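Per the numbering used here, the first sequence starts with residue 35, numbered consecutively.
To start, the structure under review is shown below, and the notes come after it.
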Amino acid sequence: MPKEKSTRKTKARGVEKKKKDPNAPKRGLSAYMFFANEQRDVVREENPGISFGQVGKLLGEKWKALNEVERRPYEDKAQTDKKRYEDEKASYNAADEDEESN
DNA sequence: CAGGTGATTGTTGGC
DNA sequence: GCCAACAATCACCTG
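Below, the structure is given as structure tokens:
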């Protein structure tokens, strides 16, 4: 069971020591990201003048408020985005074999 | 084979 | 540029 205490740990790693990738192929976005993109302007519209605290929270609440079907389009994108990352990883792997000739 | 870990993704808003 | 809740993710590496 992973410990989810502190929200963001940014660079504060607690494990031995892992080195980041040179190309850092990053991962794909998350359904939430796509959903947020839509609500972002919507939520803010329903709550004009609210700070991130409200928006962020409301976003998460509404996010789940949606039904699987509503999340589908977002998940779909998330999966597609994932593939996108796969591509990076592919290049990243290839680069590892022959580094950049440059 | 199985596990868990971390890294990342995007929103807003201020310094 | 970074940080914060909010959520998902899930590929990565290891023993």
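Cβ coordinates follow ideal geometry from the N, Cα and C atoms, glycine included.
No experiment lies behind these values; they were computed from the predicted model shown.
Query	Result
What's the gap between the Cα of K110 and the Cα of G83?	According to the sequence shown, residue 110 is Asp rather than Lys. Cα-Cα distance, rounded: 32 Å.
Taking the beta carbon of F68 as the centre, do at least 16 other beta carbons fall within 10 Å, making it buried, or is it exposed?	buried
If distances are taken between C-alpha atoms only, which option among N57, D55, G62 and A58 comes closest to K117?	G62
Starting from R74, trace the alpha helix (DSSP H) in both directions and tell me its first and last residue.	A65 to E80
Pairs of beta-carbons, one from the segment 92 to 108 and one from the segment 69 to 77, closer than 8 Å: are there three or more?	yes
How is A58 classed by DSSP in three states: helix, strand or coil?	coil
Once you ignore the five residues that flank R78 on each side, which residues in its own chain have a CB closer than 8 Å to its CB?	I84 and V89
Just curious, the alpha helix (DSSP H) that G83 is in, first and last residue?	Neither: G83 is in no alpha helix (DSSP H) and is coded neither H nor E.
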